[in-house]
Amino acid sequence: MKKEEIEQKISELLKGRSQFNGDNIKLDCDLRDNYGIDSIALVELLIEIECEFDISIDSNLLTYEYFSTGNAICDYVFKKL
Amino acid sequence: MAIKEIKNVPRFFEPYVSDCFHNALSAQLMYLGLNPNIILADYLSFLYDKETGYMGVNYLYKYNTSVEFSETELNTSFEQAYFPVPEVYKRDGTENKADYSRDQIMVKMYIESDSDCAYNRVKELIDSDIPVVAAVDLFYMQYHRAYQKEHGLHYVVITGYNEEEGWYELFDKYRLSNSDFDGRLPINEVRMARASDNPLNNAMMGEYSRPVQNVWCEVENHKGFKLQNDRIAATLKESCIRMSSKKEVLGYQCGFDAINTLVDDLEAKKAVPLCEKNQYMFKTYYNETFKNIARSRKRFKTFINEIDGILPQNIQSDISDLLEESSRHWDICANLSLKLGITKKLTLLEDIINQLKEVIVNEQKVISDLGNAL
């Protein structure tokens, strides 16, 4: 899968989880500050991403700090595919 | 009719605070010229109750049905602060005189069924330039996402009032529950929030309530208060004792033995499908509690970094790094618990156990370093 396709899909998933600014998703922005995605919503999002891309996220990386932006998530998914 | 506003009350928030009360009280302590990172530095510990599965740092996090606690329950965490038993406010000043050390800050919690009396006391305190930490039910707080949807006891800081126009000035900077309010609210709504019965409901407790009882707190003994090095050292020593499982707190196992008991209990859960109650337990209770424990490690790190002259600088730095790493592992436990609660994948139990083993390795080094330095 191309990186652009991953970014497109993850932008859609982020929009679905956002509390605000969902129509203006930028992948380099902090998810909590810009879209109101807290640590609970992030875990829910990552579960959704695991299903969507059929990957398993390494438990040892499951922190808000590691997946704090859309780009961080995209990079991780890209490496896993 | 009267108007009063207190200026320059620090809008305190740090992501490592224990809870909304800790956050609001920290703002008040800072206003009084005290450092909450030291006054409210709790012991490094871990507490576990095998019977119920409840955990905590220095007391068990439970679904409480009251704002009232015993003196013992209230005083398991701090060396520098003392919490007497909450009592009904007496206007004539005849309340019980608590037995506490002069080198501790006293935080008195008052409860009051008479809303007028509670209202008047808040007014008196603000008139004396003292901001008030008061409990409210979020159901009535129009700035919060829980407004008119969910009940929940919460603490805010009231800094002013205008009776003519009917508003309070208050702030709520507890961003861990997405609060970030600084402004005016109708007095009558806040009064309802303070007097609420606060009905609650969850899969573990069923229906219950935790009446707010107009509770508020007053800080005493702050004038001329000076930090004592022996109290600071005692916080470190007691942390070593608790983490080394050399004592029980409130009758519960502490420290590494308690973490190992938790690991054993998680091992035992691998063979049993998740029932609804356990699913809720992982999704909500374990998630929130592990997060809270993760924050406690960052809080202890902050405390370690703010005390001078007690630990050698290299030890201070090493402990600080270890606590940061430990906090990360507790945080992963929290996220894995949530994931387990959502997906019901029991294989995640092994991942949680592995994180707890990492916690033990890190925190044993912390205790060893502390023990050698003290």
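Chains as they are written, first to last, in full-length UniProt numbering: chain A, 1 to 81; chain B, 1 to 374.
Backbone N, C-alpha and C fix where the C-beta goes; we use that ideal spot for every residue, glycine too.
Within the region 302-335 of chain B, contact with chain A at the beta-carbon level (separation under 7 Å) is assigned to Arg328, Asp331, Ile332, Asn335.
Sequence-distant partners of A/Ile37 (beyond 5 residues in either direction) whose C-beta falls short of 8 Å from its own C-beta, in its chain, are Leu14, Arg17, Ser18, Gln19, Leu31, Leu45. Contact annotation for A/Asp38 against chain B: Asn178 [CB-CB distance below 8 Å, chain order]. Comparing alpha-carbon positions, the option among B/Ile360, B/Ile111, B/Ala268 lying closest to B/Phe256 turns out to be B/Ile360. The beta carbon of B/Asp172 does not come within 8 Å of any beta carbon belonging to chain A, so the residue lies off that interface.
Flagged as an interface residue toward chain A: B/Ile342, by a C-beta distance shorter than 8 Å. Boundaries of the alpha helix (DSSP H) harbouring B/Lys123: 115-127, taken from the DSSP string. Contact note: A/Glu4 does not reach chain B at a C-beta cutoff of 7 Å; the least C-beta distance is about 28 Å. Beyond the five residues adjoining it in sequence on each side, A/Ile6 comes within less than 6 Å, by CB distance, of Cys74, Val77, Phe78 in the same chain, given in chain order. If you check the CB distance, B/Pro36 and B/Ser45 do not come in under 8 Å.
Any Cβ of chain A closer than 8 Å to the Cβ of B/Asp351 would place that residue at the interface, and such an atom is present. The residues Pro86, in chain order, have a CB closer than 6 Å to that of B/Glu68 in the same chain once the five nearest residues on each side in sequence are set aside.
Approximately 16 Å separates the beta-carbon atoms of B/Val136 and B/Gln28; this is outside 8 Å, ruling out the contact. Secondary structure of B/Phe78 (DSSP, three-state): strand. Annotation: the continuous beta strand (DSSP E) that includes B/Cys217 extends over 216-220. Any Cβ of chain A closer than 8 Å to the Cβ of B/Leu266 would place that residue at the interface, and such an atom is absent. Taken in chain order, the unbroken stretches of beta strand (DSSP E) that lie wholly in the region 129-187 of chain B and span 3 residues or more are 132-137, 153-162, 167-172, 181-186. Residues Asn162 of the same chain have their beta carbon placed closer than 6 Å to that of B/Ile3, with the five preceding and five following residues left out of the count. Interface annotation, A/Ser59: in contact with chain B, CB-CB separation under 8 Å.
Contact check for B/Pro131 against B/Val9 passes: the beta carbons are separated by less than 8 Å. B/Ala146 places its beta carbon 8 Å or farther from that of B/Val107.
Residue pairing by DSSP places B/Lys4 opposite B/Tyr161 in a beta bridge. Using beta-carbon distances, B/Lys50 does not count as an interface residue toward chain A, since no partner is under 8 Å.
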